[in-house]
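In the working numbering, the protein residues as written are 1 to 445. Each residue gets a CB set at the ideal place from its N, CA and C atoms; glycine is no exception. All of these numbers come straight from a predicted model, not from anything done at the bench. Heads up: the structure comes next, in structure tokens.
Shown next as structure tokens:
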């Protein structure tokens, strides 16, 4: 059920963003009097369509739709969408129009700057949507995050191999002082960090980063989890340990013979004791005592822990506007750094490239408007940046050809554009196979 719910969120979010992106192309095409033959969500490969305004039940309900200049519809292959602009070499590979004499309503007859705006339109709309989404998020919810200065890390095997220890507090990455704990792992990968300064107990020490491990940093989520001290905040009303004598502030030092400085240290052991009784060694003020506690069938004690303080920044609508722009452009910059890492083979960051499966894992298992809007804004930026890559078949490839024409005065031939489109589509298929392969490997692992 959780998998289905996440899949529905992926489909909904990508459908929204694809429609926004294609609407950008559509708007500028119409602005310059270019005919748009088709506007489709998903691909109608083989001519099979789930919905079309020019056929089936839709045309029976709305007979006038057959006379619309543009055919609107939904294809069956959920790998994107497209806006078929008359007189343009695109992913539909429909070259019949190109064999006819150029017409004034065609893309190929328009001025270069107009064609450039048509190509940029999709990316522009994605970025504008992200700005609006972030402004809304700032105005409604603000920003909440754990402050790195007051939060200790709980690290995994990769972090230990790199020199970190659970309980470390990260002070600096080179000369950069991180604030948002949730961005520590991304900052470590993106900023080409050479030295991380940490506070370990009362000692300050430097950890030098092995850059050959950056790919693993990108491919291993949870390297910097929040180290949650095993300190009782309250006992759940449904807990089997109501009345066991636990008080707020009790620190559980040990469960049976397993040391538990942090709650994460207890999870595997408690799970192995599901439905059984354990002995907890507890420090209360300066006294050490033992309690018999019951583990429920899910391997939990039914206790709320004391969490590190959350830092919250709230904004009015007016204040949210510049913050929305700022967050959008900083996110674009961060994603460009990610792509640079992926394009650097020695980092092996290409192993972190994911497909729809990886996107689905990001969404929460229950509906949350804040999380959905955050992810939607991020995906809009990712879609926009990806489409700017200078690969034929993507908007960036078309933009490069138009810019070449504007700079040299020479327009690439239709034959060249068709060949370039085929090469670009082949490259995109290879990238898609890489993404799916990485996801399958992660699932197996």
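Comparing alpha-carbon positions, the option among 300, 15 and 182 lying closest to residue 40 turns out to be 15.
Between residue 124 and residue 402, the C-beta gap is not smaller than 8 Å, which leaves the two residues out of contact. Secondary structure note for residue 21: its alpha helix (DSSP H) is the uninterrupted segment 2-31. With 16 or more neighbouring CB atoms inside 10 Å of its own CB, residue 260 falls in the buried class. The straight-line gap separating the alpha-carbon atoms of residue 58 and residue 385 is approximately 35 Å. Nearest in C-alpha terms to residue 211, of all of 222, 196 and 140, is 196. The straight-line gap separating the alpha-carbon atoms of residue 379 and residue 250 is approximately 43 Å.
With a 10 Å radius around the Cβ and a threshold of 16 neighbouring Cβ atoms, residue 304 comes out exposed. Residue environment for residue 368: exposed (fewer than 16 other C-beta atoms within 10 angstroms of its C-beta). Contact between residue 207 and residue 198 is confirmed by a C-beta separation of about 6 Å, below the 8 Å threshold. For residue 233, the enclosing beta strand (DSSP E) begins and ends at 232-235. By the CB criterion at 8 Å, residue 311 and residue 187 fall outside the cutoff.
Excluding its 5 nearest sequence neighbours in each direction, residue 193 has C-beta neighbours in its own chain below 7 Å: 173, 174 and 209, listed in chain order.
Assignment of beta-bridge partners to residue 36 by DSSP yields 85. In the three-state DSSP reduction, residue 410 falls in the coil class, being neither helix nor strand.
For residue 371, the enclosing alpha helix (DSSP H) begins and ends at 369-387.
DSSP, read as helix, strand or coil, puts residue 299 in coil. From the listed residues 137, 113 and 9, the smallest Cα separation to residue 398 is found for 113.
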